[in-house]
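Trainee: Residue numbers (our numbering): 6 to 216.
Yeah, the Cβ is synthetic: ideal placement off N, Cα and C, and Gly gets one too.
No experiment lies behind these values; they were computed from the predicted model shown.
Following this line, the structure appears as structure tokens:
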């Protein structure tokens with residue numbers, strides 16, 4: 006997330022709400038997307054699991070006291086309706102995987118990661134996006150081999166010995182698990198952090214008035 010200076014949000018012409026950078030550095034593909042805090046806060050309140058995962062990621066390049074405060078407030082943004090984000094995301098990723106001429110490891114792992122993150126969130130109210138950590142809980146037998154193929158292969162590694170019918174059954178089973186977890190969850194129906202996020206946004210904007 007970035008903070009637009011006050012002068013770029015109070016006039017007729019505002020600064021960029023979203024910045025995107027894509028580059029290739031040797032064998033590394035870099036895709037960076039950053040949102041102005043107002044948009045970021047708005048996405049938090051719209052049941053967007055993607056920004057929750059960014060906010061609670063253990064991989065931190067730069068932090069601030071406001072970042073720590075935001076993590077506390079974001080607990081009040083998590084609702085049962087986040088299940089729709091993960092259900093929709095998983096279905097989209099599965100369609101992309103299943104329609105590909107050559108099945109690849111990374112997209113398939115992404116499908117399973119999204120589903121398990123959603124199930125875990127519904128069951129515990131906690132964000133966990135690391136597939137290895139998730140599988141310590143779920144103990145899905147076929148995942149370690151897929152993860153090993155991904156780790157030892159290339160970014161676009163081909164899925165070895167792909168049994169697509171088996172993986173489709175696995176996908177459907179996890180999809181149903183997520184739907185059931187959304188019904189049984191104790192997460193609230195609506196957010197409770199709206200006013201506190203508004204106050205934090207105003208404070209951050211005021212602190213940037215001289216930028």
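Report all residues from its chain with a CB closer than 8 Å to the CB of residue 13; omit the five preceding and five following residues, and keep chain order.
Mentor: Here the set comprises 19 and 20.
Trainee: Going along the chain, which unbroken runs of the alpha helix (DSSP H) with 4 or more residues stay wholly within the stretch 40–121?
Mentor: Whole alpha helix (DSSP H) segments, 4+ residues: 42–49, 54–60, 70–79 and 87–104.
Trainee: Could you tell me whether the Cβ atoms of residue 79 and residue 126 are closer together than 9 Å?
Mentor: Taking 9 Å as the Cβ cut-off, residue 79 and residue 126 do not qualify as a contacting pair.
Trainee: Where residue 102 and residue 148 are concerned, what is the direct C-alpha to C-alpha distance, given to the nearest angstrom?
Mentor: Going by the C-alpha atoms only, they are around 16 Å apart.
Trainee: By how many angstroms is the C-alpha of residue 44 removed from the C-alpha of residue 135?
Mentor: Roughly 25 Å between the two C-alpha positions.
Trainee: Drop a sphere of 10 angstroms on the beta-carbon of residue 119, count the other beta-carbons inside from all chains shown, and report buried for 16 or more, exposed for fewer.
Mentor: Looking at its Cβ environment, which holds 16 or more other Cβ atoms inside 10 Å, residue 119 is buried.
Trainee: Where do the ends of the beta strand (DSSP E) carrying residue 132 lie?
Mentor: From DSSP, residue 132 is part of no beta strand (DSSP E); its letter is neither H nor E.
Trainee: Looking at C-alpha atoms only, which residue of 77, 105, 66 and 67 is the closest neighbour of residue 57?
Mentor: Selected option, being the one with the closest Cα: 77.
Trainee: Starting from residue 157, trace the alpha helix (DSSP H) in both directions and tell me its first and last residue.
Mentor: Residues 148–157.
Trainee: Here's the rule: buried if 16 or more other CB atoms are within 10 angstroms of the residue's CB, otherwise exposed. What is residue 172?
Mentor: It counts as buried.
Trainee: How about the stretch 87–96 and the stretch 50–69: do they share at least three Cβ pairs that are nearer than 8 Å?
Mentor: The stretch 87–96 vs the stretch 50–69: in contact.
Trainee: Can you give me the start and stop residues for the beta strand (DSSP E) that residue 177 sits inside?
Mentor: Here residue 177 belongs to no beta strand (DSSP E); instead the alpha helix (DSSP H) covers 169–189.
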